[in-house]
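Down below is the structure, laid out as structure tokens.
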Amino acid sequence: QQQVKQSPQSLIVQKGGISIINCAYENTAFDYFPWYQQFPGKGPALLIAIRPDVSEKKEGRFTISFNKSAKQFSLHIMDSQPGDSATYFCAAAINNRKLIWGLGTSLGVNP
Amino acid sequence: DVKVTQSSRYLVKRTGEKVFLECVQDMDHENMFWYRQDPGLGLRLIYFSYDVKMKEKGDIPEGYSVSREKKERFSLILESASTNQTSMYLCATTPPGSYNEQFFGPGTRLTVL
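Residue numbers (this note's numbering), protein chains in the order written: chain C, 1 to 111; chain D, 1001 to 1113.
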């Protein structure tokens, strides 16, 4: 039973475009929503995270948008670069406990 | 910076062999995790440990065991490797009191023939 549903499975964008990856969840008790970035041959690394008391968090070109009523959150990558090509995972957690992972999105940015 | 190292980047074993995957962290973190990563299936938690000699089953513990004799070292054991255990294995660690920000090692690509 997938508690965090991530889409799309793969995504190709042009350099300079906006990449958008979406995640949906059911459990309203989730209180922490991170995004991890994984390059080929490396382990995932925390990219950006949000808590449900804010609707948006921005760090450089990366933004999380959070819609509590729709139980959805998304990652936006502005001005996408070839170096952003990676697999992105969303996740959710309750009260600092175990992370529940999405299945991942493979992003390719064409030069 | 947190450093998480895994004993091998690539490993090839035969069906029925006993396999040890080791993970070492240098940040004195209490919590350590073992995941396997398969295409289309994301990251699945096998076992985690919140202290020396303490362990809890994750979502897919069958066919695996773990050992944590020292705080910095967490081992994953495949008692009798099978071809369906061919996968990427990732170790992670988090600071005390938190499971949220996980620091991952580079992974071990295990192939069971």
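For every residue, glycine included, the Cβ atom is placed at its ideal position computed from N, Cα and C.
For the stretch 90-102 of chain C, the set of positions with a beta-carbon nearer than 8 Å to some beta-carbon of chain D reads 93, 96, 97, 98, 99, 101 and 102 in chain order. Among the CB atoms of chain D, none fall inside 8 Å of the CB of residue 107 of chain C. Secondary structure at residue 1084 of chain D: helix, using DSSP grouped into helix, strand and coil. The alpha carbon of residue 26 of chain C has as its nearest neighbour, out of C:102, C:56 and C:54, the alpha carbon of C:102. Between residue 107 of chain C and residue 91 of chain C, the C-beta spacing is not below 8 Å. Residue-level contact check: residue 1102 of chain D touches chain C, since one or more beta carbons of chain C fall below 8 Å from its beta carbon. Burial check for residue 1089 of chain D: the Cβ neighbour count within 10 Å reaches 16 or more, so the residue is buried. When Cβ-Cβ separations below 8 Å define contact, residue 1097 of chain D makes contact with chain C.
With a cutoff of 8 Å on beta-carbon distance, residue 1069 of chain D and residue 1024 of chain D are scored as not near each other. Here residue 47 of chain C has 35, 36, 37 and 62 as same chain residues with Cβ atoms under 7 Å from its own Cβ, once five neighbours each way along the sequence are excluded.
By alpha-carbon distance to residue 1112 of chain D, the top candidate from D:1038, D:1017 and D:1059 is D:1017. Taking 8 Å as the upper bound on Cβ-Cβ separation, chain D lies near residues 41, 42, 43, 44, 45, 46 and 49 of the stretch 39-58 of chain C. When rounded, the separation of the alpha-carbon atoms in residue 1031 of chain D and residue 1094 of chain D is 5 Å. Residue 69 of chain C and residue 50 of chain C have their alpha carbons spaced roughly 15 Å apart. Scanning chain D for C-beta atoms nearer than 9 Å to the C-beta of residue 34 of chain C yields 1100, 1101 and 1102, reported in chain order.
Where residue 27 of chain C is concerned, there is no enclosing beta strand (DSSP E), because DSSP gives it neither an H nor an E. Rounded to the nearest whole angstrom, the C-alpha separation of residue 1067 of chain D and residue 77 of chain C is 40 Å. For residue 104 of chain C, the chain D residues whose C-beta falls within less than 7 Å of its own C-beta are 1042, listed in chain order. Its chain contains 19, 80 and 109 as the residues whose beta carbon lies nearer than 6 Å to that of residue 13 of chain C, once the 5 sequence neighbours on both sides are disregarded; these appear in chain order.
Looking only at C:44, C:39 and C:33, the smallest Cα-Cα distance to residue 56 of chain C is reached by C:33. Think of a sphere of 8 Å around the beta carbon of residue 1090 of chain D: the chain C residues whose beta carbon falls inside it are 43 and 44, in chain order.
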